[in-house]
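Protein chains: 2
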Amino acid sequence: MSIHVASITAPVNIATLKYWGKRDADLNLPTNSSISVTLSQDDLRTLTSAACSAQFTEDKLWLNGEEESLGSKRTQDCLADLRQMRQQMEQADSALEPMSQWKLHIVSENNFPTAAGLASSAAGFAALVTAIAKLYSLPQDMSELSMVARKGSGSACRSLFGGFVAWEMGQLADGTDSKAVQVASREQWPEMKAVILVVSDEKKDTSSTQGMQLTVRTSDLFQERIKTVVPQRFDEMKRAIVARDFEMFAELTMKDSNSFHATCLDSYPPIFYINDTSKKVIRLCHAINAYFNRNVVAYTFDAGPNAVMYYLQENESKLLPFFYPLLSTVEGWGTKFTAETLQGFENTFNTQYKADFPAMLDPKLAEGISRIIPTQVGTGPQETNECLIDPATGLPK
Amino acid sequence: MSIHVASITAPVNIATLKYWGKRDADLNLPTNSSISVTLSQDDLRTLTSAACSAQFTEDKLWLNGEEESLGSKRTQDCLADLRQMRQQMEQADSALEPMSQWKLHIVSENNFPTAAGLASSAAGFAALVTAIAKLYSLPQDMSELSMVARKGSGSACRSLFGGFVAWEMGQLADGTDSKAVQVASREQWPEMKAVILVVSDEKKDTSSTQGMQLTVRTSDLFQERIKTVVPQRFDEMKRAIVARDFEMFAELTMKDSNSFHATCLDSYPPIFYINDTSKKVIRLCHAINAYFNRNVVAYTFDAGPNAVMYYLQENESKLLPFFYPLLSTVEGWGTKFTAETLQGFENTFNTQYKADFPAMLDPKLAEGISRIIPTQVGTGPQETNECLIDPATGLPK
Chain A
1 MSIHVASITA PVNIATLKYW GKRDADLNLP TNSSISVTLS QDDLRTLTSA
51 ACSAQFTEDK LWLNGEEESL GSKRTQDCLA DLRQMRQQME QADSALEPMS
101 QWKLHIVSEN NFPTAAGLAS SAAGFAALVT AIAKLYSLPQ DMSELSMVAR
151 KGSGSACRSL FGGFVAWEMG QLADGTDSKA VQVASREQWP EMKAVILVVS
201 DEKKDTSSTQ GMQLTVRTSD LFQERIKTVV PQRFDEMKRA IVARDFEMFA
251 ELTMKDSNSF HATCLDSYPP IFYINDTSKK VIRLCHAINA YFNRNVVAYT
301 FDAGPNAVMY YLQENESKLL PFFYPLLSTV EGWGTKFTAE TLQGFENTFN
351 TQYKADFPAM LDPKLAEGIS RIIPTQVGTG PQETNECLID PATGLPK
Chain B
1 MSIHVASITA PVNIATLKYW GKRDADLNLP TNSSISVTLS QDDLRTLTSA
51 ACSAQFTEDK LWLNGEEESL GSKRTQDCLA DLRQMRQQME QADSALEPMS
101 QWKLHIVSEN NFPTAAGLAS SAAGFAALVT AIAKLYSLPQ DMSELSMVAR
151 KGSGSACRSL FGGFVAWEMG QLADGTDSKA VQVASREQWP EMKAVILVVS
201 DEKKDTSSTQ GMQLTVRTSD LFQERIKTVV PQRFDEMKRA IVARDFEMFA
251 ELTMKDSNSF HATCLDSYPP IFYINDTSKK VIRLCHAINA YFNRNVVAYT
301 FDAGPNAVMY YLQENESKLL PFFYPLLSTV EGWGTKFTAE TLQGFENTFN
351 TQYKADFPAM LDPKLAEGIS RIIPTQVGTG PQETNECLID PATGLPK
């Protein structure tokens with residue numbers, strides 16, 4: 001059997017200026033522009049292998065070891081766009097194999113738990129689109145491909161780039177100007193680190209898609225957010241990133257997370273994504289920043305209770321001594337820190353901070369957190385030799 | 001010793017359109033008009049006795065059995081206004097005793113725990129002002145006195161009336177048009193009942209005064225709330241009350257509570273008053289309303305996690321079967337309901353609701369609630385023969 005295969009890894013991104021609200025639900029066109037940081041694929045990535053062959057009889061998808069339906073309209077829209085791009089190449093060059101007519105096999109795996117609420121659909125659609133683009137040898141650049149990924153999952157468009165990424169909302173009805181662009185590369189601000197606190201929750205609230213539709217339809221405060229607050233913040237945050245101004249970046253990031261969750265609460269019925277554990281993290285971050293009299297940490301929360309905290313490498317030994325002693329029983333520290341470093345955090349806490357923070361240091365915090373993931377700013381999609389498809393059979397290895 | 005004494009009881013009120021934001025902190029002038037329901041004094045009231053005598057040597061206050069300072073600027077402003085009103089009478093009629101020159105003894109007691117976060121300052125200042133007004137035989141009407149109480153605690157002005165009360169924000173810089181007026185009396189909508197769920201919380205967040213200053217100063221969404229959202233809602237809610245339209249009243253009440261807490265969350269640093277227990281109550285209320293396909297209950301939350309739920313008498317046997325079985329271990333049901341009625345709620349729950357509400361009925365809800373207070377719409381300040389001051393000594397009995 002003649003089978004063509006290509007593999008790609010794609011990253012997770014966590015917005016610092018939130019995408020919340022669609023002006024076109026079919027095309028995933030947003031009501032406001034957004035900005036994110038792409039996280040390192042060492043810690044969070046989707047690996048996707050795509051294969052096509054004249055012998056395949058149907059499009060198939062295997063996700064984390066399970067065969068899944070490829071029938072969703074969003075996935076179908078992505079595949080249709082990619083096949084159309086390939087078809088244009090084939091029409092211009094008759095020597096090319098007619099891959100656009102062949103069925104696809106796609107195999108995809110995350111290196112992190114899908115259920116943890118860690119934006120897996122963003123990495124998933126970014127990997128799907130870029131793997132097929134590579135398989136088809138498409139000439140489109142990442143911004144052009146980001147518009148395909150956007151149709152799969154809005155925020156996926158931002159995972160087409162590494163570093164610091166803006167999703168420009170665009171104005172056109174067909175969405176051809178609603179795409180991701182890089183604001184700054186990882187190399188321009190490599191000191192940006194992150195810690196994700198995976199927060200246990202009793203149940204997931206409304207899905208993002210349903211939630212944002214409800215907010216657009218019912219929140220009295222939402223129009224003010226998208227018309228006035230976010231456009232100004234979008235410009236300010238891009239400037240802060242280019243200037244590597246963490247003080248400003250952190251303030252804008254925290255304010256925007258709160259503004260987004262405020263419009264969720266102002267929806268009717270109200271939507272709650274952050275819980276009491278999230279609130280404890282927010283309070284502690286503000287207390288830490290107040291203690292140092294500058295922003296050494298910025299929290300942000302997506303459509304769930306998990307906290308993502310951004311900080312600069314130079315402040316790691318200031319920040320983590322607040323969190324490690326409280327969360328030392330939580331899984332995840334060992335992936336990045338030696339026992340000696342962790343002991344240093346503990347010592348700093350005991351000798352420098354403990355006395356000044358009696359009320360803020362809540363020993364119950366650990367009960368609400370199931371895992372920590374230390375990570376940092378990372379690269380965009382990467383080609384890889386690792387392949388999840390058996391080239392002889394076209395099936396998962 | 002010649003001592004004059006007067007006693008008054010005054011009610012608690014719980015806003016359905018929230019007061020949040022001062023345009024003048026000295027005079028307690030608000031950034032928006034608000035509306036409240038006055039609750040029954042059978043369940044929640046402050047009893048205040050005021051005495052004056054030429055023999056008293058200083059102004060004194062005893063609150064719930066403890067002597068307290070009368071030195072706060074807010075209390076001093078109230079006393080100064082009342083003495084000035086009395087002085088005008090004395091100047092017009094030289095036969096009157098010069099009470100305005102005499103020191104005051106004030107003794108005040110609540111029939112509910114002060115610390116539970118139940119708007120005790122509103123009832124307290126309403127009782128203080130009306131008790132002294134009675135002692136002085138002041139001719140001012142309740143709206144005029146409400147402007148004095150307002151200087152003590154903004155929302156206290158609404159406790160000068162029973163029933164359904166609007167605090168008109170006014171426009172004047174001196175506050176002489178920022179006063180309470182009655183929208184409807186208790187008799188016009190006597191079916192309005194309420195249940196307060198006193199929610200246990202680990203710590204009180206920011207005080208109301210500090211919190212609202214922070215919101216005015218930092219929330220990007222707050223201006224939209226006070227300029228657009230509240231003015232429209234103020235007119236709609238007054239119309240709903242006059243028309244006794246619970247469906248509309250409930251929707252406006254719930255939306256306004258959420259809008260207020262959204263601007264708290266949008267403050268920087270964010271302010272959190274509602275907690276995970278509050279959220280469970282909110283979700284359950286929406287589920288109940290969805291079940292009946294109309295609003296049988298409206299929740300509202302002040303600057304704390306306590307839930308106040310409004311409902312009409314005719315829906316009591318629909319609503320309370322959801323709450324009693326979940327909260328049967330919580331103190332307070334026995335004050336208003338017989339064992340037979342409570343058993344009826346339990347039976348209704350088991351036979352009619354239980355099967356349809358598996359996910360919404362969280363047995364852990366009771367852990368977050370320390371007490372329930374069933375009550376209803378009530379009257380304004382009432383004269384009483386009960387007196388907390390010994391007329392012979394001028395000291396607390």
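Protein chains in written order, with the working numbering: chain A, 1 to 397; chain B, 1 to 397. Cβ coordinates follow ideal geometry from the N, Cα and C atoms, glycine included. If you're wondering where the values come from, they're calculated on a predicted model, not measured in any experiment.
Check: In angstroms, rounded to a whole number, what distance separates the CA positions of Asp-266/B and Gly-21/B?; Outcome: 14 angstroms
Check: Of the residues Asp-256/B, Lys-280/B, Arg-244/B, which one's Cα is nearest the Cα of Leu-312/B?; Outcome: Arg-244/B
Check: For Ser-120/B, which residues from the same chain have a beta carbon less than 8 angstroms from its beta carbon, with the 5 sequence-adjacent residues on both sides left out?; Outcome: Val-12, Thr-46, Asn-110, Phe-112, Thr-114
Check: List, in order along the chain, the chain B residues whose C-beta lies closer than 8 angstroms to that of Val-229/A?; Outcome: Asp-220, Leu-221
Check: Let me see if you follow: with CB-CB separation under 8 angstroms, is Lys-255/A close to chain B or not?; Outcome: yes
Check: List, in order along the chain, the chain B residues whose C-beta lies closer than 8 angstroms to that of Thr-399/A?; Outcome: Since the first residue of chain A shown is 1 and the last is 397, residue 399/A is not available in this structure.
Check: Report back the beta-carbon spacing between Thr-228/B and Leu-365/B to the nearest angstrom; my notes put them in contact at under 8 angstroms.; Outcome: The Cβ separation is near 35 angstroms, so there is no contact.
Check: Please give me, in chain order, every unbroken run of the alpha helix (DSSP H) with length at least 4 that falls completely inside the stretch 195-276 of chain A.; Outcome: 208-218, 230-242, 246-265
Check: In this structure, does DSSP put Pro-381/B in helix, strand or coil?; Outcome: coil
Check: Is Leu-172/A close to chain B? Criterion is C-beta to C-beta, closer than 8 angstroms.; Outcome: no
Check: If the cut-off is 7 angstroms on Cβ atoms, which residues from the stretch 295-319 of chain A count as contacting chain B, listed in chain order?; Outcome: none
Check: Quick one, which of Ser-94/B, Val-198/B, Asp-59/B has its alpha-carbon nearest Ile-372/B's?; Outcome: Val-198/B
Check: Considering only the alpha carbon of each residue, which of Gln-213/A, Arg-158/A, Ser-137/A lies closest to Met-85/A?; Outcome: Ser-137/A
Check: By the 7 angstroms beta-carbon criterion, what residues does the stretch 9-30 of chain A contribute toward chain B?; Outcome: none
Check: Can you have a look at Asn-293/A and say buried or exposed, based on whether 16 or more other CB atoms are within 10 angstroms of its CB?; Outcome: exposed
Check: Under a three-way DSSP split, which group does Tyr-310/B fall into?; Outcome: strand
Check: Would you say the stretch 23-36 of chain A touches the stretch 154-162 of chain A, given that touching needs at least three Cβ pairs under 8 angstroms?; Outcome: yes
Check: To the nearest angstrom, how far is it from the Cα of Pro-139/A to the Cα of Asp-93/A?; Outcome: 13 angstroms
Check: To the nearest angstrom, how far is the alpha carbon of Ile-271/A from that of Leu-342/A?; Outcome: 37 angstroms
Check: Assuming contact is defined by CB atoms lying nearer than 8 angstroms, are Ala-127/B and Ser-108/B in contact in what I supplied?; Outcome: yes
Check: Are at least three pairs of beta-carbons, each pair with one atom in the stretch 325-341 of chain A and one in the stretch 371-387 of chain A, less than 8 angstroms apart?; Outcome: yes
Check: Quick one: what's got a C-beta closer than 6 angstroms to Tyr-19/B's C-beta in the same chain, skipping five residues either side?; Outcome: Pro-30, Ser-34, Gly-154, Ser-155
Check: Could you tell me the alpha carbon to alpha carbon distance between Asp-59/B and Cys-387/B, rounded to whole angstroms?; Outcome: 18 angstroms
Check: Entirely within the stretch 107-142 of chain A and at least 4 residues each: give me those alpha helix (DSSP H) ranges in chain order.; Outcome: 120-135
Check: Work out the CA separation of Ile-389/A and Thr-263/B for me, nearest whole Å.; Outcome: 51 angstroms
Check: Which residues in the same chain have their Cβ closer than 6 angstroms to the Cβ of Gln-213/B, if we skip the five residues on either side of it in sequence?; Outcome: none
Check: Are the C-beta of Arg-86/A and some C-beta of chain B separated by less than 8 angstroms?; Outcome: no
Check: Run the CB neighbour count on Gly-71/B, radius 10 Å, all protein chains shown included, and call it buried at 16 or more, exposed below.; Outcome: exposed
Check: What's the C-alpha gap between Thr-215/B and Trp-62/A?; Outcome: 49 angstroms
Check: Show which residues of chain B have a CB atom less than 7 angstroms away from the CB atom of Leu-265/A.; Outcome: Asn-258, His-261, Ala-262, Leu-265
Check: Tell me which residue opens and which closes the alpha helix (DSSP H) that Leu-347/B is part of.; Outcome: Leu is not the amino acid found at residue 347/B; the sequence shown has Asn there. Run containing Asn-347/B: 339-348, per the alpha helix (DSSP H) assignment.
Check: Given a limit of 7 angstroms on CB to CB distance, which residues of the stretch 268-285 of chain A reach chain B?; Outcome: Tyr-268, Pro-269, Pro-270, Phe-272, Asn-275, Asp-276, Lys-279, Ile-282
Check: If you check the beta carbons only, do Glu-90/A and Leu-82/A fall under 8 angstroms apart?; Outcome: no
Check: Nearest CA to the CA of Arg-23/B: which residue from Lys-151/B, Cys-78/B, Gly-380/B?; Outcome: Lys-151/B
Check: For a test of the three-state rule: what should DSSP assign to Ser-34/B, helix, strand or coil?; Outcome: strand
Check: Can you name the residues of chain A whose CB is closer than 8 angstroms to the CB of Arg-239/B?; Outcome: Within chain A, no residue comes near Arg-239/B; the closest Cβ sits about 18 angstroms away, beyond 8 angstroms.
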